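S.K.: I have a structure here, written as structure tokens, and I will follow up with some questions on it.
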Amino acid sequence: MKNFFFGAVVVLAVLIGANSIFVVKETERAVLLQFGDIVRADIPPGIHFKVPYINTIRKFDARVLTVDATPQRYLTLEQKALLVDSYAMWRITDVLRFYTATSGDEARANALLAQRVNDGLRNKFGERDLQEVVSGQRDALMMELTEELNTYTADEYGIEVIDVRVKRIDLPDDVRSSVYERMTSERQREAQQLRSRGNELAIGIEADADRQEAVLLVEAYRDAERIRGEGDAQAAAIYSAAYTKDEEFYSFTRSLNSYRQTFSSKNDVMLLEPDSEYFRYLRSEQAR
1 MKNFFFGAVV VLAVLIGANS IFVVKETERA VLLQFGDIVR ADIPPGIHFK
51 VPYINTIRKF DARVLTVDAT PQRYLTLEQK ALLVDSYAMW RITDVLRFYT
101 ATSGDEARAN ALLAQRVNDG LRNKFGERDL QEVVSGQRDA LMMELTEELN
151 TYTADEYGIE VIDVRVKRID LPDDVRSSVY ERMTSERQRE AQQLRSRGNE
201 LAIGIEADAD RQEAVLLVEA YRDAERIRGE GDAQAAAIYS AAYTKDEEFY
251 SFTRSLNSYR QTFSSKNDVM LLEPDSEYFR YLRSEQAR
């Protein structure tokens, strides 16, 4: 009987000791409750003690968590409907506020944050046009929304919003065709403007090239005529210098060249008087 009693005491002591010790990991945040009331918040990582069956421990994930918001339909500044799929990353910074606001329910925290993200995106999209929200100002929009959310969630929920991102932006089925047709028309109009501008530039370039060609041809003809004139002047000067040295010999050689060119073809016929001056050197006694 004593052994049984002693064994029961040992078992009871082990159970009480086991229920008196709890461990908080580095990746966790915890609060100590006494009959449902918080008596100690934000318990640091490590081994801790509690009163068995009086105190209870609630642990929460301290790592970065992700909430996927349900795709929502938003209107842009020009009243174009978009179907937006987004997500947010967050973590607990104030365990007491988090437990008070959500009762430690992570699903409830996700729902509250998702609603805040949807409201913020709806406001931001309503202040911008389609081009800005799709590509032009998306990064700036996400940064602004993250900062605005943090000013509220930190005080209300005890959480920090690390980042908000848009995974996908689609056009609703009922407006997709009309938007695509309008985008096609705008692109065609821009393409036509670019073609017209290109044709205008091409005409100007061709006209300038034609003008330069005409100027080059005129300048080349001018230079050619000048060079030809200078050559003719030099040739005339050489001929004149040669003629003045021996006029008779010069006349004789010119006549021989003329005879050679004239009588080079046997089919040519010349009608001249026998005593023509052209045959002066052929009749001359000196020439014979």
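Once you know that position 65 of the sequence shown is 65 in UniProt numbering, the rest is easy, because the numbers rise by one and skip nothing.
The beta carbon of each residue, even a glycine, is placed where N, CA and C say it ideally should be.
Treat the numbers as computed from the prediction; the structure is a model and nothing was measured.
Go through its chain and collect everything with a Cβ distance to Thr102's Cβ below 8 Å, but skip five positions before and after it.
M.R.: Counting from one through the sequence shown, the residue named residue 102 turns up at place 102. Contacts found: Arg108, Ala109, Leu112, Tyr157.
S.K.: How about Leu121 and Ile38: do their beta carbons lie closer than 8 Å?
M.R.: As a first step, residue 121 is located in the sequence shown; it is residue number 121 there, counting from the start. As a first step, residue 38 is located in the sequence shown; it is residue number 38 there, counting from the start. No, these two residues do not count as a Cβ contact at 8 Å.
S.K.: Please state the DSSP three-state secondary structure of Thr184.
M.R.: Translated into the one-based positions of the sequence shown, residue 184 becomes position 184. Residue state, collapsed to three classes: helix.
S.K.: Out of Ile238, Ala41, Ala81, Val133, which one is the CA nearest neighbour of Gly104?
M.R.: By 1-based counting over the sequence shown, the position of residue 104 is 104. When each option's Cα is compared against that of Gly104, the closest is Ala41.
S.K.: Taking 7 Å as the limit between beta carbons, can you name the residues of its chain near Leu77, skipping five residues before and five after?
M.R.: By one-based count along the sequence shown, residue 77 stands at place 77. Gly126, Glu127, Arg128, Asp129.
S.K.: To which residues does DSSP link Val23 through a beta bridge?
M.R.: Here the question's residue 23 lines up with position 23 in the sequence shown. Ile47.
S.K.: Assuming Thr100 is part of the alpha helix (DSSP H), what are its boundary residues?
M.R.: Taking the sequence shown and counting its residues from 1, one reaches residue 100 at position 100. Unbroken alpha helix (DSSP H) run through Thr100: 95-102.
S.K.: Rounded to the nearest angstrom, how far is the Cβ of Ile169 from that of Met89, given a contact under 8 Å?
M.R.: By one-based count along the sequence shown, residue 169 stands at place 169. By one-based count along the sequence shown, residue 89 stands at place 89. Not quite, the Cβ-Cβ distance comes to about 19 Å (not below 8 Å), so this is no contact.
S.K.: What is the residue span of the beta strand (DSSP E) that Thr66 lies within?
M.R.: Position 66 of the sequence shown holds residue 66. Here the beta strand (DSSP E) through Thr66 covers 65-68.
S.K.: If I follow the unbroken alpha helix (DSSP H) through Phe60, where does it start and stop?
M.R.: The residue given as residue 60 occupies position 60 in the sequence shown. Not the alpha helix (DSSP H): Phe60 falls in the beta strand (DSSP E), residues 55-61.
S.K.: In the DSSP assignment, the alpha helix (DSSP H) including Leu145 goes from what residue to what residue?
M.R.: One-based indexing of the sequence shown puts residue 145 at position 145. Here the alpha helix (DSSP H) through Leu145 covers 138-156.
S.K.: Looking at Ala30 and Lys59, is the spacing between their C-beta atoms short of 8 Å?
M.R.: Your numbering for residue 59 matches position 59 in the sequence shown. Your numbering for residue 30 matches position 30 in the sequence shown. Yes.
S.K.: Grab me the residues of Ile54's own chain with a C-beta within less than 8 Å of its C-beta, minus the 5 sequence neighbours each way, in chain order.
M.R.: Position 54 of the sequence shown holds residue 54. Contacts found: Gln34, Phe35.
S.K.: Among all the DSSP beta bridges, which residues are the ones paired with Ala30?
M.R.: In the sequence shown, the residue the question calls residue 30 occupies position 30. According to DSSP, Ala30 bridges with Ile43, Lys59.
S.K.: Exposed or buried, which one is Thr153 when buried takes at least 16 other CB atoms within 10 Å?
M.R.: Taking the first residue of the sequence shown as 1, we reach residue 153 at position 153. Buried, because 16 or more other Cβ atoms sit within 10 Å of the Cβ of Thr153.
S.K.: Apply the 10 Å Cβ neighbour rule to Arg288 and answer buried if 16 or more other Cβ atoms are within range, or exposed otherwise.
M.R.: Here residue 288 refers to the residue found at position 288 when the sequence shown is read from its first residue. Residue placement at Arg288 is flagged as unreliable, the pLDDT there being 48, under the threshold of 50; a coordinate-derived value is accordingly withheld.
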